[in-house]
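These protein sequences, in sequence, are chains F and C.
Quick note, in this note's numbering, the first sequence goes up one by one and the last residue is 1547.
Quick note, in this note's numbering, the second sequence goes up one by one and the last residue is 459.
Note that CB positions come from ideal geometry on N, CA and C, so glycine has one too.
Predicted model only: the values in this text are computed from it and were never measured.
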Amino acid sequence: MADEEQLLIEASRRGDRESFNQLVRLYEGRVYNLCYRMLGDSDSAADAAQDTFISAFRNLHGFRGGSFRSWLLRIATNACYDVLRVRKRRATTSLDATNETTEESFDPPDHGESPDDFVLRRELSTALQECLALLPDDQRIVVILSDVQGMAYGEIAQILGANLGTIKSRLSRGRARLRDVLKTKELLPARYRHGSD
Amino acid sequence: MQQLIYMATISPQPNNNLSDSDIELLSAYLDDQLAPAERRHLEQRMQVEPLLQAELEELRFTIALLDNLPALTPPRSFTLDATIVQPPRWSFARLLSVGIGGSLALRPAGALATVLLLVVAVGTLMYTLQLSAPQMAMAPMLPATSSAGGAESAYSTARVQPTQLPPAAARADEGQPAPLSEAAPTEAAEAAAAEMAEPVEEAAPAMGEAIRPPAAAQPADEPEQAGEQDNPADSSAAVVLPPPTPRSPDMGVLTIQPEGTRPPGIGSTDNSSPDTREVQPEVVAPPIQERSRGVAPPYMLPLLVALAAFALALAGWFIWRRRSRRT
Chain F
1351 MADEEQLLIE ASRRGDRESF NQLVRLYEGR VYNLCYRMLG DSDSAADAAQ
1401 DTFISAFRNL HGFRGGSFRS WLLRIATNAC YDVLRVRKRR ATTSLDATNE
1451 TTEESFDPPD HGESPDDFVL RRELSTALQE CLALLPDDQR IVVILSDVQG
1501 MAYGEIAQIL GANLGTIKSR LSRGRARLRD VLKTKELLPA RYRHGSD
Chain C
133 MQQLIYMATI SPQPNNNLSD SDIELLSAYL DDQLAPAERR HLEQRMQVEP
183 LLQAELEELR FTIALLDNLP ALTPPRSFTL DATIVQPPRW SFARLLSVGI
233 GGSLALRPAG ALATVLLLVV AVGTLMYTLQ LSAPQMAMAP MLPATSSAGG
283 AESAYSTARV QPTQLPPAAA RADEGQPAPL SEAAPTEAAE AAAAEMAEPV
333 EEAAPAMGEA IRPPAAAQPA DEPEQAGEQD NPADSSAAVV LPPPTPRSPD
383 MGVLTIQPEG TRPPGIGSTD NSSPDTREVQ PEVVAPPIQE RSRGVAPPYM
433 LPLLVALAAF ALALAGWFIW RRRSRRT
């Protein structure tokens, strides 16, 4: 897999667009999900993901080896920061958009999943996305990379260009803050809790 | 999912009694990032500190919720086609389109490049105009450049100092450009000045007898001696002397260096020696070409080209820095 990825990278460096598109297909889901969790709406996330792959293709000569995924997610993170910076400049909030687009882009029910479970899953996801949006940017990106994408501290540090201590600190503060938001805002509907008893 | 919802029902109230370091320890414990000794110590503390144990369960619940977030399907494919992958956005034309819909990141670079290129363009235009302008227009600038001293000063003074100070020269000293001689028509003097760049031998006959200069070493503050030098023997020097240059009022204050400081061959106190007077103009003739070009220095054009290259390099550096930040 790694060898195949390396071959695709080398071919892409020579300008082979189709080889690069194979890399895009490998990582577009992960990149889009990262952008979506950071930005909170599907349109901005899709634009940021597209910018990420365009930028990656144009700057492949700057890839010095190592983890291509980390390099790609670093570009995606910077693309998200750019969007967030523009949003702050325009003093807009994306929370309303989150509610709409989450429902639109939500996956259909799995086989065997009851309609109630599907609705429950969708509302819980919406609530969590709202909680994530309340975290500071530097804590949110660490929480997403660690707890949503399941990456190790070392890779997160590589993506964000920070040391391990900083990653640990941001992650613990982000988790604690998210925990507080979950509890104090009571974003989990009571009927779900009753249903579990 | 049902398990997560169940965990939500048993979540205790927010607990603010733990320090940040304890929460960081618990977070690292959940990720299995603690050293064995730290891990054992924390587990021992949790057995006796229910608050720590409760906090651990809350964090574990939070992480489990995030871990169960569904992976979203991208709304479209992000594969690149030929229309998406275009040449870099920072084309030269876009650099110059400052503020016309350009990217915010490129505007400073575009503005800088535009300003510097304008400076270069104006400088080049001025340089070209100076080269093509008649020498008459440049005459007032001569004293400033010739006052640098040395052989050039001596030569300049001698070159414009007539043997007999005619009334016209006196008018020039009063601040008016004047013909150098009553015998030489003004038109002739102007024509001779316009041909300044031409070989001296071609311009010299237009000067006339009255503008024959004295010996190059003749001090300006000794007009009497200059008058004494006006003898037929001096006419041979006019053959190799450059054409006259209209004098500005400042020309009168130019001084020739004292005898002791003159470069060899420039001047001599032996004014009566015709041999010396014949040789002196030939020795000092080359500087006149340099002086006529000194108004627009020859290094001006390379300087402007270097400035343009610097402007482009600076703009490129801005773009490179911006793009490297993104990647």
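With a contact defined as Cβ atoms closer than 8 Å, residue 1521 of chain F and residue 1485 of chain F miss out at about 11 Å. Listed in chain order, the positions of the segment 1496-1511 of chain F with a beta carbon within less than 8 Å of a beta carbon of chain C are 1496, 1497, 1498, 1500 and 1503. Pairing residue 1508 of chain F with residue 1420 of chain F gives a Cβ-Cβ distance under 8 Å.
Pairing residue 262 of chain C with residue 244 of chain C, the inter-Cα distance amounts to about 27 Å.
The beta carbon of residue 255 of chain C lies closer than 7 Å to those of 436 in the same chain, with the five residues before and after it left out. Contact annotation for residue 160 of chain C against chain F: 1518 [CB-CB distance below 7 Å, chain order]. Here residue 1525 of chain F has 1493 as same chain residues with Cβ atoms under 7 Å from its own Cβ, once five neighbours each way along the sequence are excluded. When Cβ-Cβ separations below 8 Å define contact, residue 186 of chain C makes no contact with chain F. The same chain holds no residue with a CB closer than 8 Å to that of residue 253 of chain C once the five nearest residues on each side in sequence are set aside.
Within a 10 Å sphere around the beta-carbon of residue 152 of chain C sit fewer than 16 other beta-carbons, which makes this residue exposed.
Below the 8 Å Cβ cutoff, chain C contributes 212, 216 and 217 as neighbours of residue 1404 of chain F, in chain order.
The distance from the Cβ of residue 1503 of chain F to that of residue 1514 of chain F is about 6 Å, consistent with a contact at the 8 Å cut-off.
Listed by position along chain C, the residues whose Cβ is nearer than 8 Å to that of residue 1370 of chain F are 212. For residue 208 of chain C, the chain F residues whose Cβ falls inside 8 Å of its Cβ are 1396, in order along the chain. Residues of the same chain with a CB within less than 8 Å of the CB of residue 171 of chain C, apart from the 5 flanking positions on each side, are 161 in chain order. Looking at the backbone, the Cα of residue 1469 of chain F and that of residue 1392 of chain F are separated by about 20 Å. Taking 8 Å as the threshold, the shortest C-beta distance from residue 156 of chain C to chain F falls below it. Cβ neighbours of residue 1399 of chain F within its own chain (closer than 6 Å, five residues either side excluded): 1381, 1382 and 1385. Take the alpha-carbon of residue 1412 of chain F and the one of residue 1365 of chain F: they are about 14 Å apart. For residue 1407 of chain F, the neighbours in chain C by C-beta distance under 8 Å run, in chain order, 212 and 217.
Between the alpha carbons of residue 1425 of chain F and residue 1388 of chain F lies a gap of roughly 13 Å. The DSSP-derived three-state label of residue 164 of chain C is coil.
In the three-state scheme derived from DSSP, where H, G and I count as helix and E and B as strand, residue 216 of chain C is classed as coil. Secondary structure at residue 203 of chain C: coil, using DSSP grouped into helix, strand and coil. Bounds of the alpha helix (DSSP H) holding residue 1475 of chain F are 1465-1483. With contacts defined as CB atoms closer than 8 Å, residue 1407 of chain F and residue 212 of chain C qualify as a contacting pair.
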